[in-house]
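In this note's numbering, the protein residues as written are 2 to 88. See structure below.
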Amino acid sequence: MEWDASRRIDPIILVFAETGVRKIVRTARQAAEILMQDWPTDDGEEFFSAVKACLDVITGDTEPDRLRQAIIRAAAEAGVAAITVID
């Protein structure tokens with residue numbers, strides 16, 4: 002099995018209210034890094050769904066759009082602003 006962490010998604014700009022930090026997610030790898038390192042909480046159903054979607058995209062088990070939607074839902078759950086952009 003080949004893993005591909007560079008699979009692209011339509012960009013999402015995440016704005017973390019507590020710190021004012023903005024991050025742009027363009028790949029499954031970036032999504033995984035942000036979820037593991039920057040996410041304000043490691044709890045919540047949508048958070049876990051987004052982590053699983055990252056793994057599924059990297060392993061080729063699902064399409065990147067599923068990850069994009071999971072990140073948007075996880076952001077809403079965590080109080081992170083998600084600005085969607087379509088390339």
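Virtual Cβ for every residue (Gly too), placed ideally from N, Cα, C. Bear in mind that the values here come from a model prediction, so they are computed numbers and not experimental data.
query: Touch check for the stretch 59–66 and the stretch 7–22: three-plus C-beta pairs under 8 Å?
result: yes
- prompt: Identify the residues that DSSP records as bridge partners of Ala33: which are they?
  reply: Ala33 is not bridged to any residue.
- request: Determine the direct distance from the alpha carbon of Ile13 to that of Val52, and round the result to whole angstroms.
  value: 16 Å
Buried or exposed (CB count within 10 angstroms, at least 16 for buried), Ala82: exposed
message: Let me check understanding here. Comparing Cα to Cα, which of Trp4, Arg69 and Ala76 lies closest to Pro41?
response: Ala76
- prompt: Given a threshold of 16 other Cβ atoms within 10 Å of its Cβ, counted over all protein chains shown, does Gln38 qualify as buried or as exposed?
  reply: exposed
- prompt: To which residues of the same chain is Ile87 closer than 6 Å at the C-beta, ignoring the five residues directly before and after it?
  reply: Asp11
Extent of the continuous alpha helix (DSSP H) to which Asp11 belongs: Asp11 -> not in any alpha helix (DSSP H); beta strand (DSSP E) instead, spanning Arg9 to Val16.
- request: Could you tell me whether the Cβ atoms of Ser50 and Ala71 are closer together than 8 Å?
  value: yes
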